[in-house]
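Using the UniProt record's numbering, read the sequence shown as starting at 1 and increasing by one per residue. Before any comments, here is the structure.
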Amino acid sequence: MAFKQREGGDNDKRPARRGGRNKRRKVCFFTVNKITHIDYKDIDLLKKFISERGKILPRRVTGTSAKYQRALTIAVKRSRQIALLPYTTE
(Lines of atoms letter the chains of each structure in order from A and count residues from 1; the text may use other names and numbers.)
(Lines give C-alpha, C1' and ligand atoms only; values in the text may rest on other atoms or scores of the structure.)
Protein backbone atom coordinates (compact mmCIF):
# COMPACT_ATOMS: atom_id res chain seq x y z
CA MET A 1 0.00 0.00 0.00
CA ALA A 2 1.69 3.14 -1.18
CA PHE A 3 0.84 6.56 0.16
CA LYS A 4 0.47 9.55 -2.11
CA GLN A 5 3.10 12.22 -1.77
CA ARG A 6 1.77 15.69 -1.22
CA GLU A 7 2.88 18.32 -3.58
CA GLY A 8 4.70 21.30 -2.22
CA GLY A 9 6.96 19.39 0.17
CA ASP A 10 6.56 21.94 2.96
CA ASN A 11 6.32 20.00 6.22
CA ASP A 12 5.79 23.05 8.41
CA LYS A 13 2.39 22.87 10.06
CA ARG A 14 2.86 26.08 12.04
CA PRO A 15 2.64 29.43 10.31
CA ALA A 16 5.78 31.53 10.31
CA ARG A 17 5.98 34.06 13.12
CA ARG A 18 5.36 37.56 11.87
CA GLY A 19 6.53 40.78 13.39
CA GLY A 20 9.77 39.30 14.72
CA ARG A 21 8.86 39.91 18.36
CA ASN A 22 9.39 37.12 20.85
CA LYS A 23 7.17 36.68 23.87
CA ARG A 24 8.69 37.82 27.14
CA ARG A 25 9.25 34.97 29.58
CA LYS A 26 6.94 35.15 32.59
CA VAL A 27 8.60 35.35 35.98
CA CYS A 28 7.32 33.96 39.25
CA PHE A 29 5.40 36.60 41.22
CA PHE A 30 6.41 35.04 44.55
CA THR A 31 10.11 34.81 43.72
CA VAL A 32 10.28 38.41 42.45
CA ASN A 33 8.50 39.80 45.53
CA LYS A 34 10.42 37.49 47.90
CA ILE A 35 7.28 35.87 49.31
CA THR A 36 8.27 32.60 50.97
CA HIS A 37 4.98 31.63 52.62
CA ILE A 38 1.59 31.78 50.91
CA ASP A 39 -1.04 32.41 53.57
CA TYR A 40 -4.53 31.04 52.95
CA LYS A 41 -5.99 34.04 54.81
CA ASP A 42 -4.48 36.55 52.36
CA ILE A 43 -7.50 36.76 50.05
CA ASP A 44 -6.27 39.73 48.01
CA LEU A 45 -3.14 37.81 46.99
CA LEU A 46 -5.04 34.61 46.19
CA LYS A 47 -7.61 36.44 44.04
CA LYS A 48 -4.83 37.43 41.61
CA PHE A 49 -4.40 33.76 40.72
CA ILE A 50 -8.09 32.87 40.32
CA SER A 51 -10.13 33.39 37.14
CA GLU A 52 -13.47 35.18 36.96
CA ARG A 53 -15.15 31.77 37.04
CA GLY A 54 -13.39 30.82 40.28
CA LYS A 55 -10.81 28.45 38.81
CA ILE A 56 -7.14 28.44 39.79
CA LEU A 57 -5.10 29.83 36.89
CA PRO A 58 -2.44 27.48 35.49
CA ARG A 59 1.31 28.09 35.57
CA ARG A 60 1.49 28.85 31.86
CA VAL A 61 -0.82 31.83 32.42
CA THR A 62 0.52 33.19 35.71
CA GLY A 63 4.20 32.28 35.33
CA THR A 64 4.58 30.95 38.86
CA SER A 65 7.18 28.30 39.57
CA ALA A 66 6.12 24.71 40.29
CA LYS A 67 6.98 25.02 43.98
CA TYR A 68 4.78 28.08 44.49
CA GLN A 69 2.00 26.78 42.25
CA ARG A 70 1.62 23.76 44.53
CA ALA A 71 1.59 25.98 47.62
CA LEU A 72 -0.88 28.34 45.94
CA THR A 73 -3.23 25.46 45.11
CA ILE A 74 -3.19 24.24 48.70
CA ALA A 75 -3.82 27.77 50.01
CA VAL A 76 -6.74 28.36 47.64
CA LYS A 77 -8.33 25.01 48.49
CA ARG A 78 -7.91 25.71 52.20
CA SER A 79 -9.47 29.16 51.96
CA ARG A 80 -12.38 27.72 49.96
CA GLN A 81 -12.91 25.09 52.63
CA ILE A 82 -13.37 27.71 55.36
CA ALA A 83 -15.47 29.96 53.05
CA LEU A 84 -12.99 32.78 52.56
CA LEU A 85 -13.05 32.21 48.79
CA PRO A 86 -15.98 30.97 46.71
CA TYR A 87 -15.80 27.69 44.80
CA THR A 88 -17.55 29.29 41.82
CA THR A 89 -18.97 32.66 40.86
CA GLU A 90 -22.58 33.18 40.04
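Glycine residues also receive a C-beta, built at the ideal position from the N, C-alpha and C atoms. Computed from a predicted model, the values in this text were never measured in an experiment.
Taking 8 Å as the cut-off, the beta carbon of residue 28 is found no closer than this to the beta carbon of residue 73. One thing to note: residue 52 has its Cβ within 8 Å of the Cβ of residue 89. Under the three-state reduction of DSSP, residue 74 is assigned to helix. Separation of the CB atoms of residue 75 and residue 39 is rounded to 7 Å, and the pair is thereby assigned contact status at 8 Å.
DSSP, reduced to helix, strand and coil, places residue 56 within a strand of the structure shown.
Residue 47: member of the alpha helix (DSSP H) spanning 43 to 47, first to last residue.
For the pair residue 83 and residue 24, the Cα-to-Cα distance works out to about 36 Å.
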